[in-house]
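**Q** Numbering (the working numbering), first residue to last: 28 to 254.
Idealized CB from N, CA, C, for every residue including glycine.
Quick caveat: nothing in here was measured; it's all calculated off a predicted structure.
Please find one structure pasted underneath; my questions will follow.
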């Protein structure tokens with residue numbers, strides 16, 4: 028089975044507003060992405076290829092409507108809230124936050140959790156409260172753990188991102204180890220795919236992580252997760 032993951036982030040923003048969308052008008056963007064991708068994947072056996080794409084939530088409904096029966100495309104969202112709705116319990120009072128139940132109802136089967144941008148956002152909020160360093164990192168990992176559990180409880184698969192920044196490179200084993208240990212505590216790891224982001228090597232002017240480094244991280248992840 029080949030697993031291909033695509034995070035489209037905010038590629039839906041028009042060029043005249045600072046974005047990169049030249050593909051389709053906003054109202055048609057989600058459907059255009061799914062239609063073009065699944066047509067291109069038609070030559071592949073869905074049992075052999077899983078193609079999960081994570082779209083901004085404004086486009087999930089039109090993207091789901093564009094999926095054909097037997098499509099190799101698995102639709103996903105770019106995160107879920109750490110709490111969820113429950114019959115006889117919370118009906119969804121999570122203003123500005125999307126619970127896993129809403130994501131599934133919109134047609135999502137998968138979710139991206141722990142992307143470096145999500146971690147940075149949570150770290151920023153904690154920094155405003157005066158919590159920084161290892162304490163903040165541990166808190167973020169606990170929040171992501173709750174998010175993963177909420178998604179899995181709704182039957183979603185999870186792509187969980189880990190990675191270290193340039194200032195964390197010397198302590199990469201501790202940083203990544205904590206992201207795995209805390210983030211995946213009490214989680215069915217068979218339903219989670221680990222994605223490694225070498226944050227220190229991403230961006231203009233930076234040297235990409237080489238093959239030996241990536242292989243070293245892959246071995247470490249397998250050792251830590253029993254994979």
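#1: Note down the Cα distance separating residue 62 from residue 94, rounded to an integer number of angstroms.
#2: What are the partner residues of residue 33, as DSSP defines its beta bridges?
#3: Going along the chain, which residues of its own chain have a beta-carbon closer than 6 Å to the beta-carbon of residue 141, five neighbours each way excluded?
#4: Determine the closest residue to residue 210 out of 128, 83, 165 and 44, with distance taken between C-alpha atoms.
#5: Can you tell me the Cα-Cα spacing of residue 91 and residue 197, whole angstroms?
#6: Give a yes or no on whether the C-beta atoms belonging to residue 50 and residue 105 are separated by under 8 Å.
#7: Specify, as a first and last residue, the run of the beta strand (DSSP E) that residue 119 falls within.
#8: Which first and last residues belong to the alpha helix (DSSP H) in which residue 153 is found?
#9: Tell me where the beta strand (DSSP E) around residue 137 begins and ends.
#10: Got a sec, what are the start and stop residues for the alpha helix (DSSP H) residue 222 sits in?
#11: For residue 77 versus residue 101, is the C-beta distance shorter than 8 Å?
#12: Mapping DSSP to helix, strand and coil, what is residue 185?
#13: If you run the structure through DSSP and keep just helix, strand and coil, what is residue 239?
#14: For the segment 173 to 184 against the segment 127 to 138, are there 3 or more C-beta pairs whose distance is under 8 Å?
#15: Among residues of its own chain, excluding the 5 on either side of residue 155, which ones have a beta-carbon nearer than 7 Å to its beta-carbon?
#16: Cutting at 7 Å between CB atoms, please list the residues of its own chain near residue 86, excluding the five before and the five after it.
#17: Please specify which runs of the beta strand (DSSP E), each continuous and at least 3 residues long, are wholly inside the segment 86 to 110, giving them in chain order.
#18: Distance check for residue 173 and residue 46, CA to CA, integer angstroms please.
#19: Going by the DSSP bridge assignment, what does residue 41 pair with across the sheet?
#20: Going by C-alpha distance, which of 143, 112, 72 and 97 is nearest residue 255?
**A** So, from the data block:
#1: 7 Å
#2: Per DSSP, 80.
#3: 171, 187 and 188
#4: 165
#5: 43 Å
#6: no
#7: Premise fails: residue 119 is in no beta strand (DSSP E) and is neither H nor E.
#8: 143 to 155
#9: 137 to 140
#10: From DSSP, residue 222 is part of no alpha helix (DSSP H) but of the beta strand (DSSP E) over 219 to 223.
#11: yes
#12: strand
#13: Here residue 239 sits in helix by DSSP.
#14: yes
#15: none
#16: Taken in chain order, the residues that qualify are 39, 56 and 57.
#17: 100 to 104
#18: 32 Å
#19: Answer is 48.
#20: Absent from the model: residue 255. The displayed extent of the chain is 28 to 254, so no value can be given.
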